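Chemist: First residue of the sequence shown? That's 4 in the numbering used here, and the numbers climb one at a time after it. Virtual Cβ for every residue (Gly too), placed ideally from N, Cα, C. This one's a predicted model, so the numbers in the text were calculated from it and none came from an experiment.
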Amino acid sequence: MIKPIPVVLDVDTGIDDALAILYALYSPRLEVLGITTCFGNGDIQTTTRNTLAIVELSGITVPVYKGAADPLVGAWSPQAEAFHGRNGLGEALVPEPRLRPQDQGASQYLIDVINARPGEVTLVTVARLTNLAIALKSDPHLASKIRQVVVMGGAAFVGGNVTPVSEANIWGDPDAAWVVFHSGVPLTMVGLDVTMQANISDQQVRGLDASRPYSTVVQTALEFYLRAYNPEAPFGQRRAPLHDPLAVAVAEDATLCTTEMWPVDIEREGTITRGMTVVDQRGWITASPNAAVCRTVDAPRFLSEFCLRLGFPFSPE
Ligand code: BDR
Ligand code: CA
Numbered sequence: 004m005i006k007p008i009p010v011v012l013d014v015d016t017g018i019d020d021a022l023a024i025l026y027a028l029y030s031p032r033l034e035v036l037g038i039t040t041c042f043g044n045g046d047i048q049t050t051t052r053n054t055l056a057i058v059e060l061s062g063i064t065v066p067v068y069k070g071a072a073d074p075l076v077g078a079w080s081p082q083a084e085a086f087h088g089r090n091g092l093g094e095a096l097v098p099e100p101r102l103r104p105q106d107q108g109a110s111q112y113l114i115d116v117i118n119a120r121p122g123e124v125t126l127v128t129v130a131r132l133t134n135l136a137i138a139l140k141s142d143p144h145l146a147s148k149i150r151q152v153v154v155m156g157g158a159a160f161v162g163g164n165v166t167p168v169s170e171a172n173i174w175g176d177p178d179a180a181w182v183v184f185h186s187g188v189p190l191t192m193v194g195l196d197v198t199m200q201a202n203i204s205d206q207q208v209r210g211l212d213a214s215r216p217y218s219t220v221v222q223t224a225l226e227f228y229l230r231a232y233n234p235e236a237p238f239g240q241r242r243a244p245l246h247d248p249l250a251v252a253v254a255e256d257a258t259l260c261t262t263e264m265w266p267v268d269i270e271r272e273g274t275i276t277r278g279m280t281v282v283d284q285r286g287w288i289t290a291s292p293n294a295a296v297c298r299t300v301d302a303p304r305f306l307s308e309f310c311l312r313l314g315f316p317f318s319p320e
């Protein structure tokens, strides 16, 4: 029997976050110790409520810890409504959860869970890196006790999705990302380089197993997500990226992606490059590599497992 991998998920639920939560909770290889929430795809109330609702729909018990409401510098403002809807779940009618967040806040939980199991815990962050940055700043010894951080974020060798060069999770709190990328913690960067290759289709969304407890919410949310990513395309030709589930999948099975070690820095102030993950390709800054950057993904292998686990039909293209 293989020992499960202890993980904490950090989310800003969010349509693809909801799928990442389900994918992680139903994983045969991961032990989800807790879920921390952050602002991002909605305000912190919305993302926490959505997280609790999805956990409740999953039928699996896991503690949820409410986290940051704003980035380290400045204040949150809505940015993702076009892709996630005003309620963060594509306007799907989400039952009010009975579950409540834990009394402890997200950053303190991260400090405690990592210190309780030094060297064991993998963090999968699929949101702004604010909660982790606060934890790293409060406990200077924390980075050395984290097994690894798998970050859904950044765009190493491809364009961005909120600006020409910046990806949403880094752009939404570049100061926090800077803290994490400079902390010395082992990092795997699951950026747009690979997440844009892992897409779900109309046919898969339409075919979701109706007996799943989350099927109505997830199907409605994904229909919104497909429309948002493909405003011009007709039904049958639409596809949308599974950013956050892919990060969970990489935490579970690193062989899904090829990686290269690179020095990656974070642009915190640029007028048109704020939030860029800058890869020092020619060694200008002579920084040592700090991140395993995902370069390619075996998308069919990921998708077949994703579909099987969550109840979507899959047929290889
Ligand atoms: C990331 O931004 C969020 O909107 C998504 O949930 C995902 O984590 C993609 O850039
Ligand atoms: Ca997310």
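For the alpha helix (DSSP H) that Leu249 lies in, which residues bound it at each end?
Modeler: Unbroken alpha helix (DSSP H) run through Leu249: His246 to Glu255.
Chemist: Taking only heavy atoms of ligand 2 into account, decide whether any of them is closer than 7 Å to the Cβ of Gly43.
Modeler: Correct: Gly43 has its Cβ closer than 7 Å to ligand 2.
Chemist: Please determine if the segment 244 to 251 and the segment 14 to 33 are in contact, where contact requires at least 3 C-beta pairs separated by less than 8 Å.
Modeler: Enough Cβ pairs lie closer than 8 Å, so yes.
Chemist: Quick check: the Cα distance between Gly93 and Arg285, rounded to an integer number of angstroms?
Modeler: One C-alpha to the other measures close to 42 Å.
Chemist: Quick one: grab the DSSP three-state call for Ser214.
Modeler: Ser214: coil per DSSP, three-state reduction.
Chemist: On a Cα-Cα basis, can you pick out the residue from Pro31, Pro316, Leu25 and Val168 that is closest to Gln206?
Modeler: Nearest of Pro31, Pro316, Leu25 and Val168 to Gln206, Cα basis: Pro316.
Chemist: Would you mind sorting Leu96 into buried or exposed? The rule is 16 or more other CB atoms within 10 Å of its CB.
Modeler: Per the 10 Å Cβ criterion, exposed.
Chemist: Which first and last residues belong to the alpha helix (DSSP H) in which Leu60 is found?
Modeler: From DSSP, the alpha helix (DSSP H) with Leu60 extends over Ile47 to Ser61.
Chemist: Closest to Thr133 by C-alpha separation, out of Glu59, Thr39 and Val300, would be which residue?
Modeler: With distances taken between Cα atoms, Thr133 lies closest to Thr39.
Chemist: Less than 8 Å between C-beta atoms, sequence neighbours within five positions excluded: which residues of the same chain meet that for Arg277?
Modeler: Result list for Arg277: Thr166, Ser169, Trp174, Pro177, Glu270 and Arg271, in chain order.
Chemist: For Pro74 and Ala158, I'd like the C-alpha separation in whole angstroms.
Modeler: Answer to the nearest angstrom: the Cα atoms are 20 Å apart.
Chemist: Compute the Euclidean distance between the alpha carbons of Gly77 and Ala179, then round it to the nearest angstrom.
Modeler: About 12 Å.
Chemist: Note down, one range per segment and in chain order, each beta strand (DSSP E) of at least 3 residues found wholly within the segment 225 to 297.
Modeler: Listed in chain order, they are 242 to 244, 260 to 265, 267 to 269 and 280 to 282.
Chemist: Please determine, among Cys41, Pro7 and Thr16, the residue with the shortest C-alpha to C-alpha distance to Tyr29.
Modeler: Among Cys41, Pro7 and Thr16, the Cα nearest to that of Tyr29 belongs to Pro7.
Chemist: For the alpha helix (DSSP H) that contains Thr198, what are its first and last residues?
Modeler: Element bounds for Thr198: Leu195 to Thr198.
Chemist: Count the other CB atoms within 10 Å of the CB of Ser291; is the residue buried (16 or more) or exposed (fewer)?
Modeler: Exposed, because fewer than 16 other Cβ atoms sit within 10 Å of the Cβ of Ser291.
Chemist: Out of Thr262, Ile117 and Phe227, which one is the CA nearest neighbour of Val11?
Modeler: Cα-wise, what sits closest to Val11 is Ile117.
Chemist: Taking Leu211 as the reference, which of Val14, Asn202, Leu25 and Gln222 has the closest Cα?
Modeler: Closest by alpha carbon: Gln222.
Chemist: Would you give the residue range spanned by the alpha helix (DSSP H) that Ser204 belongs to?
Modeler: Unbroken run through Ser204 is the beta strand (DSSP E), Asn202 to Ser204; no alpha helix (DSSP H).
Chemist: With Pro216 and Leu60 assumed to form a contact (beta carbons below 8 Å), what rounded beta-carbon distance in angstroms separates them?
Modeler: Correct: roughly 5 Å between the Cβ atoms.
Chemist: Measure the Cβ-Cβ separation of Arg101 and Phe42 and say whether it is below 8 Å.
Modeler: No.
Chemist: Rounded to whole angstroms, what's the CA-CA distance from Ala83 to Asp196? Just pull it up for me.
Modeler: Distance between the alpha carbons of Ala83 and Asp196 is about 20 Å.
Chemist: What's the C-alpha gap between Asn44 and Leu36?
Modeler: Looking at the two C-alpha atoms, the distance is approximately 23 Å.
Chemist: How long is the line joining the alpha carbons of Pro104 and Trp287, rounded to whole angstroms?
Modeler: Each residue's Cα considered, the two are about 45 Å apart.
Chemist: Can you give the Cα-Cα distance for Val161 and Thr51, rounded to whole angstroms?
Modeler: The straight-line gap from Cα to Cα measures roughly 31 Å.
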